[in-house]
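Asker: After the structure tokens below, expect a handful of questions from me.
Residue numbers (the numbering used here): 57 to 343.
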């Protein structure tokens with residue numbers, strides 16, 4: 057989708073944000089923030105109801121166009137692999153794995169907050185872990201927006217457009233068809249979340265990384281991204297996290313989130329999700 061949104065300044069002295077592609081990937085949520093960093097205790101401005109600005113200013117976002125190679129060209133072995141895995145993933149249509157991919161497609165909060173709760177072994181909510189909740193909402197913007205220089209340049213056609221097979225979110229197909237496929241923003245976001253959470257809870261790192269990988273693979277299951285899209289999306293997510301670690305506001309939220317997790321564990325709070333059902337769904341991978 058090539059829809060353009062313009063927003064007025066969210067806080068005093070902010071510059072106007074203009075001419076940034078909005079995407080269903082981010083559910084047309086935000087544009088790059090040039091806002092000053094807010095104190096962790098202050099209200100964070102939104103560019104669209106329910107969606108917070110990120111930690112990084114526009115000029116500090118990783119440049120995915122400089123970072124990534126071009127997407128695989130038609131007829132190359134890499135694109136043949138993309139097509140082969142796309143075809144295999146369609147065998148999961150209608151399965152529990154397909155249903156999980158539908159849930160993974162939803163970037164809205166609070167729904168998206170619980171994505172990693174089972175892997176983390178603790179709840180993630182605005183009430184129980186507010187700093188962690190805020191951390192995920194804001195890093196969503198940073199990792200997702202970092203994909204856009206490459207997405208805009210390459211405007212790669214999405215799988216469901218090329219193979220004429222359904223996606224897991226048919227209501228979104230008209231918008232997605234106009235939005236570049238490479239790299240995957242969901243994959244950048246999910247992998248960024250996985251890296252941040254694995255640092256907060258290293259004892260659960262393997263489970264968190266596995267969930268982050270599966271989260272990105274949900275985009276293949278949904279037939280909205282190619283394998284190379286999600287692989288390079290994870291690269292962008294990793295780069296965004298590396299950049300975030302130099303941001304003082306991110307560091308402050310990170311420290312508070314660590315304390316919240318310790319408190320949640322000491323209170324014996326569980327994930328609040330059906331983790332057994334999630335595990336069964338994840339067991340059905342793409343062969």
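Backbone N, C-alpha and C define an ideal beta-carbon position, used for all residues, glycine too.
Tell me the rounded alpha-carbon separation between residue 88 and residue 194.
Answerer: A caution first: residue 88 carries a pLDDT of 36, below 50, which makes its placement in the model too unreliable to give a value.
Asker: Quick check on residue 214: buried or exposed, where buried means 16 or more other Cβ atoms within 10 Å of its Cβ?
Answerer: When all chains shown are included, residue 214 counts as buried.
Asker: Which residue's Cα is closest to the Cα of residue 139: 321, 314, 281, 306?
Answerer: The shortest C-alpha separation from residue 139 is found at 281.
Asker: In chain order, which continuous runs of the beta strand (DSSP E) of length 3 or greater are located wholly inside the segment 165-247?
Answerer: Entirely contained in the segment 165-247, not one beta strand (DSSP E) run reaches 3 residues.
Asker: Taking the DSSP output, what are the residues bridged to residue 107?
Answerer: DSSP lists 104 as partners of residue 107.
Asker: Is the distance from the Cβ of residue 203 to the Cβ of residue 241 below 7 Å?
Answerer: Taking 7 Å as the Cβ cut-off, residue 203 and residue 241 qualify as a contacting pair.
Asker: Any idea what DSSP makes of residue 287, helix, strand or coil?
Answerer: Residue 287 falls in the helix class under three-state DSSP.
Asker: Quick check on DSSP: helix, strand or coil for residue 329?
Answerer: If DSSP states are grouped into helix, strand and coil, residue 329 belongs with coil.
Asker: Within 10 Å of its beta-carbon, does residue 260 have 16 or more other beta-carbons around it, so buried, or fewer, so exposed?
Answerer: Residue 260 comes out buried.
Asker: Count the other CB atoms, across all protein chains shown, that sit within 10 Å of the CB of residue 235; report buried if there are 16 or more and exposed otherwise.
Answerer: Burial call: buried.
Asker: Comparing alpha-carbon positions, which option in 327, 142, 306 lies nearest residue 341?
Answerer: Among 327, 142, 306, the Cα nearest to that of residue 341 is on 142.
Asker: Below 8 Å on the Cβ atoms is my guess for residue 118 versus residue 305; work out the distance and round it to an integer in Å.
Answerer: Actually they are not in contact, since the Cβ atoms of residue 118 and residue 305 sit about 18 Å apart, beyond 8 Å.
Asker: Could you tell me whether the Cβ atoms of residue 169 and residue 162 are closer together than 7 Å?
Answerer: Going by C-beta atoms, residue 169 is not nearer than 7 Å to residue 162.
Asker: What's the gap between the Cα of residue 333 and the Cα of residue 287?
Answerer: Cα to Cα, the separation comes out at about 26 Å.
Asker: For residue 279, count neighbouring Cβ atoms within 10 angstroms of its own Cβ and tell me buried if that reaches 16, exposed if not.
Answerer: Residue 279 should be labelled buried.
Asker: Using the Cα positions of residue 82 and residue 110, report the straight-line distance between them to the nearest angstrom.
Answerer: Note that residue 82 has pLDDT 37, beneath the 50 cutoff, so the model's placement of it is unreliable and the number below is only indicative. Spanning the two alpha carbons is a distance of roughly 13 Å.
Asker: From residue 285 to residue 251, what does the alpha carbon distance come to, in whole angstroms?
Answerer: Straight-line Cα distance between these residues: approximately 19 Å.
Asker: Determine, using beta carbons only, whether residue 244 and residue 292 come nearer to each other than 7 Å.
Answerer: Going by C-beta atoms, residue 244 is nearer than 7 Å to residue 292.
Asker: Please tell me whether residue 173 and residue 166 are closer than 7 Å, where the distance is taken between their beta carbons.
Answerer: Their beta carbons are not under 7 Å apart, which means residue 173 does not touch residue 166 by this criterion.
Asker: Any idea if residue 336 is buried or exposed, counting beta-carbon neighbours within 10 angstroms, 16 or more meaning buried?
Answerer: By the 10 Å Cβ count, residue 336 comes out exposed.
Asker: Just the C-alpha distance for residue 322 and residue 154, rounded to the nearest angstrom, thanks.
Answerer: Whole-angstrom Cα-Cα distance: 35 Å.
Asker: Between residue 212 and residue 238, which are expected to be in contact by the criterion C-beta below 8 Å, what is the C-beta distance as a whole number of angstroms?
Answerer: Rounded, the Cβ-Cβ distance is 4 Å, consistent with contact.
Asker: Between the alpha carbons of residue 232 and residue 274, how many angstroms are there, rounded?
Answerer: Cα to Cα, residue 232 sits roughly 16 Å from residue 274.
Asker: Taking the CB atoms as reference points, tell me whether residue 120 and residue 223 lie closer together than 7 Å.
Answerer: It is not a contact, given that the beta carbons lie outside the stated cut-off.
Asker: Between residue 283 and residue 246, which are expected to be in contact by the criterion C-beta below 8 Å, what is the C-beta distance as a whole number of angstroms?
Answerer: In fact, because the Cβ distance is near 15 Å, the residues do not count as touching under 8 Å.
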